[in-house]
Structure formats: structure tokens, C-alpha cells
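Line order of the protein sequences matches chains A and B. With our numbering as the guide, the letters of the first sequence map in order to residues 1 to 140. With our numbering as the guide, the letters of the second sequence map in order to residues 141 to 280. Single-structure report; data block below.
There are 2 protein chains.
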Amino acid sequence: MRKDSRLSRMLHVLVHMHHLEQPVTSDNIAIMLGTNPVVVRRTMSLLREQGYVSAVKGHGGGWTLAKPLHCITLLDIHRSLSEASLFTIGLTDEHTNCPIEKAVNLAIDDVLHEAGQLVLRRFAEVTLDKLAVEYAAKLN
Amino acid sequence: MRKDSRLSRMLHVLVHMHHLEQPVTSDNIAIMLGTNPVVVRRTMSLLREQGYVSAVKGHGGGWTLAKPLHCITLLDIHRSLSEASLFTIGLTDEHTNCPIEKAVNLAIDDVLHEAGQLVLRRFAEVTLDKLAVEYAAKLN
DNA sequence: ACTCATGTAACATAAAAAGTTTCTTAAAAC
DNA sequence: GTTTTAAGAAACTTTTTATGTTACATGAGT
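The structure is reproduced here in C-alpha cells:
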């Protein structure tokens, strides 16, 4: 099953951006991520819409952080990128009158919902500045 | 992102199988699920390999439960169907020497791992007979 | 022998994410 | 004011992967 690594990539970019004085161009980000500038704009524009980065056109333009890292959480970025479910497991929606299907879906959904809430709660606790510091400390 | 609804579907089938005296053919399961008999065999054979169902060829053949429902958990079926991750979120693996990427991945993986463990623990607690009874009770 | 069913391999289809091309818009440099 | 640089956006192509399909082999019961 295909994974969505945009969260990982965008966090990576945002933390790097914090260490730069100048705006970064989509082209540079694309090179850094081994991808395409248009793909970068598509993804970054989701963050712009939520006010986490801003874009400036023309000479010397590019992307800059619109908020300090300590005001951005993993949850913020995750939410900006997708409304889709966290899980690869899906439910069926076919025999909505079958009590067995209902029971199965309820059982699965119960668990996934709880785990999903856990993820969101934990994501909300991690700001990007903490991430850079605390987790960097864990690396050897 | 595409969802894998095989867990939901197979659980549905297994509980139904319990209420039948006769083996069910792949063709019948396929009709019931609105899919293809070959797809059914592919998926059911994963459960057969783990000993949860057995298949008999020829006249009067088909699929039957190889264990009683109270000996099968959601986890058993989930494990039989995939070794893949539960989450749609993926990590990047490109700048393995970049401490920022490492920190980002560690932060995300930390959370996903904990949530994944929760799901597996909870799946392990639910046997298919309980599912049929307990969750059926919650329906209205 | 004949029929019915699974087992398996090889191929086709479909859907979605990612990549690409092309053009527009806007801002700075000259 | 013209040129250059960069984002914005639309339309299209490619790639990936799960699912569906076809075809044939194997084996069990009648």
C-alpha cells in the first residue's frame, strides 16, 4: 500500500527553512527532496492556506516561514496536508443492513478511532522547535 | 489514499461461514462481496495458510472454518492478511545523514509505533464470537 | 469419464499519487 | 519599461499498485 510521506518531507523542509535567512525557492526545495518544483508548490500551498508559510513571487522570492517553529505542531502540518484517514484499513459499506457487517465495522472502527485520537493528541504535543531539539538529542 | 477493506470483508465472511453447515464456494463468496472468485481465493488462501479456514476441492467442496470463532481474533486475521503498516503516513529515507530528517522521522515514528501497538493489543482482545455477540448488542 | 471446485500463473483494468509541460501573474533588477 | 525570476494554476502524462479477468492445471466426488 502506498504511503504518504508528505508530512515527513514538509516537516523536514520547515525546520531547514528556520535556519535560513533567505526565502527558499520551489526549485531548491524540489532538488533537496528529489522531486519537482510543481509538486513542491502544490504541497507547500496547502501550508500557505493555513498560514504556516508564505510565498513571494519574483526576484529574491520563494518560501518563508510565516510562524515561528514553536507555534507549529505536527498536528498543524498533518491537518494542513490531508483530511484523509490515518489508517490503511478501510471498512465496507455494502450490506448496510447486515448486522454482521455492522458488528465487524463497529469493532474495527472502535479500535481505529481510539488509536487515531491517540495519534492526533500526540502530534498536537510536538512543536517543531521541540522536535528539532528533543529528538535531535535522542540521536546517539 | 486507497483503503484495504480485506479485514472487514474477511471477518464478515468468517462470521457468516460459522452459521452455515455446508462449505461455501469462492463463487458464492465473490457474489456476496461483489467481487471475483479468484480474488476471493487469493485472499482466503492467506487465511488458509495460517490455519483459520480450509478448502476442499470438487463436488460439495469450498471453504469452511478450520477453528471455532472463539479461537480467532481480529489480530489473527489482520496478521494473516498483511505485514504492511497500518498507517497511511510514511517516512522518508533519503537523507539518512541529515539530523533534521532523522529527528522528524523519529518523532513521527514514535507516535505511530505507540498507536500501532494499541491497535494490535485491542485487535488481539476481540475474538470473532465476542464480536458477533457484543457488537451486535450495541446496534440499537 | 464428467462435473465441480480450488490452485496458480499471466495478463488487463482502474484509480490515484506523482511528475511534467505550458502558460499566466507578479515582483525585483537592470 | 524591458528583462529576469519566481509562484500560481491548468491540463496532461507517467507510474504504481490493488483489483479484476482469463485460462489452464489439479484434484475430489458422482
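Glycine included, each C-beta is placed from N, C-alpha and C at the ideal position.
Q | Cβ neighbours of A:Leu120 in the same chain (closer than 7 Å, five flanking residues each side left out) | A | On the first sequence, residue 120 of chain A is found 120 positions in, with the first residue counted as 1. So the list reads Leu75, once near-sequence residues are dropped.
Q | Contact with chain B by A:Leu155, beta-carbon distance below 7 Å | A | One cannot answer for residue 155 of chain A here, as it falls past the ends of chain A, which runs 1 to 140.
Q.
Using a Cβ-Cβ cutoff of less than 6 Å, which residues in the same chain neighbour B:Leu209 once the five nearest sequence positions on both sides are dropped?
A. Within the second sequence, residue 209 of chain B is the residue found at index 69, counting from 1. Within the same chain, B:Leu209 has close Cβ partners His158, Leu268, Asp269.
Q.
Would A:Ile29 pass as an interface residue toward chain B - the criterion being a Cβ-Cβ separation below 7 Å?
A. Here the question's residue 29 of chain A lines up with position 29 in the first sequence. It does not: the Cβ of A:Ile29 has no partner Cβ on chain B nearer than 7 Å.
Q. Three-state secondary structure (DSSP) at A:Ile77?
A. As a position in the first sequence, residue 77 of chain A is number 77, starting the count at 1. Helix.
Q: Determine contact between the region 177-192 of chain B and the region 245-253 of chain B, defined as no fewer than three beta-carbon pairs at a distance below 8 Å.
A: Touching, no.
Q: Pull up the distance between the alpha-carbon of A:Gly62 and that of A:Ala107, whole angstroms please.
A: Start at 1 with the first residue of the first sequence, and residue 62 of chain A comes out as number 62. Start at 1 with the first residue of the first sequence, and residue 107 of chain A comes out as number 107. In this structure, the CA atom of A:Gly62 is about 48 Å from the CA atom of A:Ala107.
Q. Within the 7 Å Cβ cut-off, does A:Thr43 reach chain B?
A. To locate residue 43 of chain A, count along the first sequence from 1; it is residue 43. Not flagged as an interface residue toward chain B: A:Thr43, since no C-beta distance is shorter than 7 Å.
Q | Sequence-distant residues of the same chain with beta carbon closer than 7 Å to A:His95, five excluded per side | A | Taking the first residue of the first sequence as position 1, residue 95 of chain A is located at position 95. If we look at A:His95 and ignore the five residues flanking it on each side, its Cβ neighbours are Glu101.
**Q.** Interface flag, A:Leu20 vs chain B, CB-CB below 7 Å
**A.** Walking along the first sequence from the start, residue 20 of chain A turns up at place 20. Not one chain B Cβ lies under 7 Å of A:Leu20.
Q) CB A:Ala86 to CB A:Gly116, shorter than 7 Å? A) Here the question's residue 86 of chain A lines up with position 86 in the first sequence. Here the question's residue 116 of chain A lines up with position 116 in the first sequence. Reading off the sequence shown, one finds Leu at residue 86 of chain A, where the question assumed Ala. Contact: yes.
Q: Could you round the C-beta distance between B:Met184 and B:Val193 to whole angstroms and report it? I think they count as a contact, below 8 Å.
A: On the second sequence, position 44 is the one that residue 184 of chain B refers to. On the second sequence, position 53 is the one that residue 193 of chain B refers to. Contact flag correct, Cβ pair sits at about 6 Å.
Q) At what residues does the alpha helix (DSSP H) containing B:Ala195 begin and finish? A) Residue 195 of chain B sits at position 55 when you count from the first residue of the second sequence. Note, B:Ala195: premise wrong, no alpha helix (DSSP H); beta strand (DSSP E) at 193-196.
Q: Answer with yes or no whether the minimum CB distance from A:Gly90 to chain B is below 7 Å.
A: Position 90 of the first sequence holds residue 90 of chain A. Interface residue, yes.
Q) Is there at least one Cβ from chain B nearer than 7 Å to A:Gly124's Cβ? A) The count along the first sequence starts at 1 and reaches residue 124 of chain A at position 124. This sequence places Ala at residue 124 of chain A; Gly is not what is there. Not an interface residue.
Q) According to the neighbour-count rule (16 or more other Cβ atoms, all chains shown, within 10 Å of its Cβ), is B:Val153 buried or exposed? A) Taking the first residue of the second sequence as 1, we reach residue 153 of chain B at position 13. Looking at its Cβ environment, which holds 16 or more other Cβ atoms inside 10 Å, B:Val153 is buried.
(Q) Taking the alpha carbon of A:Met65 as the reference point, which residue from A:Arg6, A:Asp4, A:Met10 has its own alpha carbon closest? (A) Against the first sequence, residue 65 of chain A aligns to sequence position 65. Reading off the sequence, residue 65 of chain A comes out as Leu, not Met. Residue A:Met10 is the option with its Cα nearest to A:Leu65.
Q | B:Leu205, enclosing beta strand (DSSP E) - first and last residue | A | Along the second sequence, one-based indexing puts residue 205 of chain B at 65. For B:Leu205, the enclosing beta strand (DSSP E) starts and ends at 202-205.
Q. To which residues of the same chain is A:Val15 closer than 8 Å at the C-beta, ignoring the five residues directly before and after it?
A. Here residue 15 of chain A refers to the residue found at position 15 when the first sequence is read from its first residue. Correct list, in chain order: Leu69, Leu128, Leu131, Ala132.
Q: Give the straight-line distance between the Cα atoms of A:Ala124 and A:Met1, rounded to the nearest whole angstrom.
A: The sequence position of residue 124 of chain A within the first sequence is 124, counting from 1. The sequence position of residue 1 of chain A within the first sequence is 1, counting from 1. Going by the C-alpha atoms only, they are around 26 Å apart.
Q. Using a Cβ-Cβ distance under 7 Å, would B:Met141 count as near chain A?
A. Here residue 141 of chain B refers to the residue found at position 1 when the second sequence is read from its first residue. With 7 Å as the cut-off, B:Met141 counts as an interface residue toward chain A.
Q: Taking B:Pro177 as part of the alpha helix (DSSP H), name the residues at either end of that continuous run.
A: Translated into positions along the second sequence, residue 177 of chain B becomes position 37. DSSP places B:Pro177 inside the alpha helix (DSSP H), whose first and last residues are 177-189.
Q. So what's A:Val126 in DSSP terms, helix, strand or just coil?
A. On the first sequence, residue 126 of chain A is found 126 positions in, with the first residue counted as 1. DSSP places A:Val126 in coil when its eight states are reduced to three.
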